[in-house]
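Counting with the working numbering, you get residues 2 to 283 for the letters of the sequence shown. Scroll down for the structure; my scribbles are underneath it.
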Amino acid sequence: MNSSAPAVLLSVSVVLYDTDISVLEKTLMHLVKAAEKLKSFPESERLSLCLLDNHPQQTSLANLPERCMEQLSACFDQVNIIKNTTNLGYGGGHNRCIENRQSRFHLILNPDVFLEEDALLKGVAYLQANIDVGLLAPHVVDEKNRPLYLCKRFPTVLDFLLRGFAPSWVKRFFGKRLANYEMQDVYTAGRACKEIPIISGCCMLARTQMLKSVGGFSKDYFLYFEDFDLSLRMAWLAKVAYCPDMKIIHVGGHSAKKGWHHIRLFARSAITFYNTYGWRWL
């Protein structure tokens with residue numbers, strides 16, 4: 002990047018793999034609206050976007066309506082489209098987008114997340130006002146406006162088994178335990194919190210330089226737990242926080258409902274995670 006070029010305030014990466022085009026289009030249109038709102042920020046600077054397709058054969062982006070690509074190009078000062086010949090995994094895909102970014106802040110965004118119009122404005126403003134925070138989680142609901150809890154305390158194996166595979170009546174029996182793991186007390190309080198051990202990765206706003214300093218996502222994780230690992234490593238450098246004013250809708254998730262292949266990937270990453278940070282069974 003030329004040193005005389007205007008600074009990039011925010012870069013965004015979206016990694017795709019066999020993505021529903023209608024959902025992706027809605028994600029990108031919400032992103033455009035939020036980015037346009039961010040441009041009203043007093044310190045208006047450049048914005049950049051990286052779209053990376055991890056599928057070796059399919060080309061999700063080729064099926065996007067032309068009007069969608071036109072709006073992205075009009076909104077962002079730079080739009081990079083990358084088509085991988087091999088699947089790098091979730092973290093590996095984002096790392097490729099991040100490696101050449103020279104932005105102040107970077108948004109890691111799932112292709113099934115709809116940003117509220119002022120989400121980027123609120124998130125960037127929070128990071129600018131709180132220089133001790135390096136990684137930020139938003140307030141999340143699903144498509145039916147039910148709360149989703151991205152903030153987590155360090156998980157035990159039992160927590161994962163209960164949350165992912167237990168029937169509803171068992172979950173109700175362990176309701177207090179799961180509420181503690183999901184930090185529901187923080188959500189109920191409705192205030193920003195800087196004492197978040199772990200955040201889930203469907204939408205993460207970070208200081209780009211700190212993200213690079215820890216090496217981005219670990220190559221040890223192909224899919225699942227890369228966000229947990231990143232949270233713990235980012236916490237070495239700065240606070241990990243929750244900002245209730247930054248709001249999104251997430252329509253995906255629930256790895257246990259995606260079939261045995263995803264369950265195997267989840268289990269493999271869980272073993273890597275616990276081997277790294279210590280096994281806690283109960």
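Where is the CB? At the ideal position from N, CA and C, for every residue including glycine. No experiment lies behind these values; they were computed from the predicted model shown.
- Going by DSSP, Leu137 is part of the beta strand (DSSP E) stretching over 134-142.
- CA-CA distance, Cys203 to Val16, rounds to 11 Å.
- When C-alpha distances from Asn131 are compared across Ser232, Tyr243, Lys248, Ala271, the shortest belongs to Tyr243.
- Look at the stretch 217-250 and you find these whole runs of alpha helix (DSSP H), each 4 residues long or longer: 227-235.
- Three or more Cβ pairs closer than 8 Å define a contact, and the stretch 211-227 falls short of that threshold against the stretch 166-179.
- Apart from the 5 residues on each side of it in sequence, Leu159 sits with its Cβ closer than 6 Å to the Cβ of Leu283 in its chain, given in chain order.
- When Thr277, Cys51, Glu183 are compared, the shortest CA-CA separation from Leu231 is found for Thr277.
- According to the DSSP assignment, Ser49 belongs to the beta strand (DSSP E) that extends over 47-54.
- When DSSP states are grouped into helix, strand and coil, Ile197 belongs to the coil group.
- When DSSP states are grouped into helix, strand and coil, Phe161 belongs to the helix group.
- Judged by DSSP secondary structure, Ser104 falls within the beta strand (DSSP E) whose first and last residues are 104-110.
- Between Leu50 and Val24 the beta-carbon gap is near 17 Å, outside 8 Å, which marks them as no contact.
- Counted as a single uninterrupted DSSP element, the beta strand (DSSP E) harbouring Cys204 occupies residues 204-208.
- Annotation for Ser23: the continuous alpha helix (DSSP H) segment containing it runs 22-39.
- For Lys84, the enclosing beta strand (DSSP E) starts and ends at 79-84.
- Comparing C-alpha distances from Ala63 to each of Phe106, Gly253, Ile82 shows the shortest one belongs to Ile82.
- Taking 8 Å as the cut-off, the Cβ atoms of Tyr182 and Arg147 do not count as close.
- Judged by their CB atoms, Leu238 and Gly124 are not nearer to each other than the 8 Å cut-off.
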